[in-house]
Amino acid sequence: MTDQLVAERNWAGNYSYQAPQLAHPASVEELQGLVAGGQKVRALGTRHSFNSIADTAGTLVVLDQLDPGISVDAANMTVTVSGGTRYGTLAAELQRQGFALHNLASLPHISVAGAVSTATHGSGDANGNLASAVAGLELVTADGGILSVRRGDEDFDGMVVGLGALGIVTKLTLDIQPTFDVAQSVFENLNWDLVLENFDQITSSAYSVSLFTDWSGDTVGQAWLKRRGGDADPETSDFFGGTPATEARHPLPGVSGSNCTQQLGMAGPWSDRLAHFRMEFTPSQGDELQSEYLIPREHAVDALRTMRRLSDVVTPCCWLAKSARWPPTSSG
Ligand SMILES: Cc1cc2nc3c(=O)[nH]c(=O)nc-3n(C[C@H](O)[C@H](O)[C@H](O)COP(=O)(O)OP(=O)(O)OC[C@H]3O[C@@H](n4cnc5c(N)ncnc54)[C@H](O)[C@@H]3O)c2cc1C
Numbered sequence: 008m009t010d011q012l013v014a015e016r017n018w019a020g021n022y023s024y025q026a027p028q029l030a031h032p033a034s035v036e037e038l039q040g041l042v043a044g045g046q047k048v049r050a051l052g053t054r055h056s057f058n059s060i061a062d063t064a065g066t067l068v069v070l071d072q073l074d075p076g077i078s079v080d081a082a083n084m085t086v087t088v089s090g091g092t093r094y095g096t097l098a099a100e101l102q103r104q105g106f107a108l109h110n111l112a113s114l115p116h117i118s119v120a121g122a123v124s125t126a127t128h129g130s131g132d133a134n135g136n137l138a139s140a141v142a143g144l145e146l147v148t149a150d151g152g153i154l155s156v157r158r159g160d161e162d163f164d165g166m167v168v169g170l171g172a173l174g175i176v177t178k179l180t181l182d183i184q185p186t187f188d189v190a191q192s193v194f195e196n197l198n199w200d201l202v203l204e205n206f207d208q209i210t211s212s213a214y215s216v217s218l219f220t221d222w223s224g225d226t227v228g229q230a231w232l233k234r235r236g237g238d239a240d241p242e243t244s245d246f247f248g249g250t251p252a253t254e255a256r257h258p259l260p261g262v263s264g265s266n267c268t269q270q271l272g273m274a275g276p277w278s279d280r281l282a283h284f285r286m287e288f289t290p291s292q293g294d295e296l297q298s299e300y301l302i303p304r305e306h307a308v309d310a311l312r313t314m315r316r317l318s319d320v321v322t323p324c325c326w327l328a329k330s331a332r333w334p335p336t337s338s339g
């Protein structure tokens, strides 16, 4: 099915797609016909990118009408899935069958193909990004043909993180592992000086570690630790100056923690805890722009110090600041 005039926006609402047409093919064959017959065709995932990367002057193609086709190969420990499937759907089915992915992004709402294409990552010192699990993929190329590639093939890594430029990814095969439990704990108000002095120790203190800050003040607002079943217990009353949260937290002060995955150190399936946000709710705040910078690890502490020095500029732009603590109480 093809709609005229897209005139629709991305998740954040900051970008309106310029493409004049939007198509939802119901089969791979229909998709092949569309691609072969179109001048410019590009895949649109679940629209969570904050910029124009998914746009085109021709037809946008969404794979949400294709069957997720989730198929586990237990002998090779892989799962094959349709590109338009959301991570949350895949994770629930894998968990049902006793399997797991090694990592998830902060939100499970994004499509597998869209997330992998942009090198979306989760957290954890030893965990590769989501694309690192891709063992193979199938894409419809410009002539409408199907190209299958596997890990080890020439230029494979570039095809996996292809930014949507090489074709429409219809199927991905991902590495899986036996299911595992995760226990998630949130610590509040860590001492900034201790965080900077012990940065590597902090980020390696659990399977996945995330820090949330608005860059102001002497403390880091929250540390989220996701401990894998069997890992040492970090439950402590003092985590680098921070104390354990006594109820479920959202990364933004004042927003209900009910949007977020299970915390308070209660162990349970990876599929319900590796992401920060729950599939049934709007992830994060819903009205925001996010950006990120990748830097070599050895420069992390210097970069954090620099960001703190820029707090006057950066803090007023943060939701944490808008929602709770900014501006600081005026003295007159
Ligand atoms: C609230 C929120 C939280 C986020 N958290 C994280 C996070 O924790 N970590 C992180 O790294 N990023 C995060 N992001 C960014 C997000 O993961 C990326 O923008 C990701 O690309 C979104 O996937 P999508 O399915 O929405 O793709 P879209 O934004 O729709 O498209 C992204 C790109 O993928 C291409 N594409 C989509 N589908 C296909 C396909 N079938 N075949 C070929 N190309 C395709 C598009 O052409 C485009 O180039 C977050 C975004 C939001 C809004």
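Here the sequence shown is numbered in my numbering, starting from 8 and rising by one per residue. Note that the Cβ used here is the ideal one computed from N, Cα and C, for glycine as well.
Discussion item. For ligand 1, is there any heavy atom lying closer than 6 Å to the beta carbon of V227?
Written reply: Residue numbering aside, residue 227 sits at position 220 when the sequence shown is read from its first letter. Checking the Cβ of V227 against ligand 1 gives no.
Worksheet item: Taking the alpha-carbon positions, what's the S89 to G248 distance?
Response: The count along the sequence shown starts at 1 and reaches residue 89 at position 82. The count along the sequence shown starts at 1 and reaches residue 248 at position 241. Rounded to the nearest angstrom, the two C-alpha atoms are 45 Å apart.
Item to complete: Find out if the Cβ-Cβ distance for the pair L181, A140 is shorter than 7 Å.
Response: On the sequence shown, residue 181 is found 174 positions in, with the first residue counted as 1. On the sequence shown, residue 140 is found 133 positions in, with the first residue counted as 1. Yes, these two residues count as a Cβ contact at 7 Å.
Practice prompt. Could you check the C-alpha separation between S130 and L51 for me, to the nearest Å?
Written response: To locate residue 130, count along the sequence shown from 1; it is residue 123. To locate residue 51, count along the sequence shown from 1; it is residue 44. Cα-Cα distance, rounded: 25 Å.
Worksheet entry | Heavy atom of ligand 1 within 6 Å of H31 beta-carbon | As a first step, residue 31 must be located in the sequence shown, where it is residue number 24. In this structure, H31 has its CB at a distance of at least 6 Å from all heavy atoms of ligand 1.
Worksheet item: Can you find at least 3 beta carbon pairs, one from the segment 203-212 and one from the segment 165-177, that sit closer than 8 Å?
Response: Counting Cβ pairs under 8 Å, fewer than three are found: no touch.
Worksheet entry | Below-7 Å beta-carbon distance, A30 vs any chain B residue | Given the protein chain composition of this structure (a single chain), no chain B is represented.
Practice prompt. Assign T63 to one of three DSSP states: helix, strand, or coil.
Written response: Along the sequence shown, one-based indexing puts residue 63 at 56. T63 falls in the coil class under three-state DSSP.
Worksheet entry | Ranges of the alpha helix (DSSP H) found wholly within the segment 143-197, counting only runs of at least 4 | The segment 143-197 contains these whole alpha helix (DSSP H) runs: 163-167.
Worksheet entry | For R312, the nearest candidate out of P290, T87, D294 and T226 (CA to CA) | Residue mapping note: residue 312 aligns to position 305 of the sequence shown, counting from 1. Per the Cα distances, T226.
Worksheet item: Which residues mark the beginning and the end of the alpha helix (DSSP H) in which W231 is found?
Response: Here residue 231 refers to the residue found at position 224 when the sequence shown is read from its first residue. It is not in any alpha helix (DSSP H) - W231 instead sits in the beta strand (DSSP E) that spans T226 to R235.
Worksheet entry | Nearest neighbour of G174, chosen from R16, T66 and F288 [CA to CA] | Walking along the sequence shown from the start, residue 174 turns up at place 167. Minimum Cα distance to G174 is reached at T66.
Fill in: Proximal residues to A307 (C-beta, below 7 Å), its chain only, five neighbours per side dropped
Counting from 1 along the sequence shown, the entry for residue 307 is found at position 300. Within the same chain, and ignoring the five residues on either side of A307 in sequence, the residues whose Cβ sits closer than 7 Å to its Cβ are F206.
Worksheet entry | Residues of its chain near Q269, where Cβ-Cβ distance is below 7 Å and the 5 sequence neighbours each way are ignored | The sequence position of residue 269 within the sequence shown is 262, counting from 1. Excluding residues within five positions, the ones whose Cβ falls inside 7 Å are Q191, G275, D279 and R280.
Discussion item. Based on DSSP bridge pairs, tell me the residues matched to S89.
Written reply: Here the question's residue 89 lines up with position 82 in the sequence shown. Secondary-structure assignment with DSSP links S89 through a beta bridge to K178.
Worksheet item: With a CB to CB cut of under 7 Å and the five nearest residues on each side skipped, what residues in its chain are close to E295?
Response: Stepping through the sequence shown from its first residue, residue 295 is reached at position 288. Here the set comprises A19 and W326.
Item to complete: Please classify V320: does DSSP put it in a helix, a strand, or coil?
Response: Position 313 of the sequence shown, counted from the first residue, corresponds to residue 320. Per DSSP, reduced to three states, the secondary structure at V320 is helical.
Practice prompt. Pick helix, strand or coil for L108, following the three-state DSSP scheme.
Written response: In the sequence shown, the residue the question calls residue 108 occupies position 101. L108 falls in the coil class under three-state DSSP.
Worksheet entry | N- and C-terminal bounds of the alpha helix (DSSP H) containing S124 | Within the sequence shown, numbered from 1, the residue matching residue 124 stands at position 117. Unbroken alpha helix (DSSP H) run through S124: V119 to S124.
Item to complete: Take the Cβ of T96 as the centre, count every other Cβ of all protein chains shown within 10 Å, and call the residue buried at 16 or more, exposed below.
Response: Looking up residue 96 in the sequence shown gives position 89. Residue environment for T96: buried (at least 16 other C-beta atoms within 10 angstroms of its C-beta).
Worksheet entry | C-beta contact flag for V79 and T177 at 7 Å | The residue you call residue 79 lines up with position 72 of the sequence shown. The residue you call residue 177 lines up with position 170 of the sequence shown. No, the pair does not count as a contact, with Cβ atoms beyond the cut-off.
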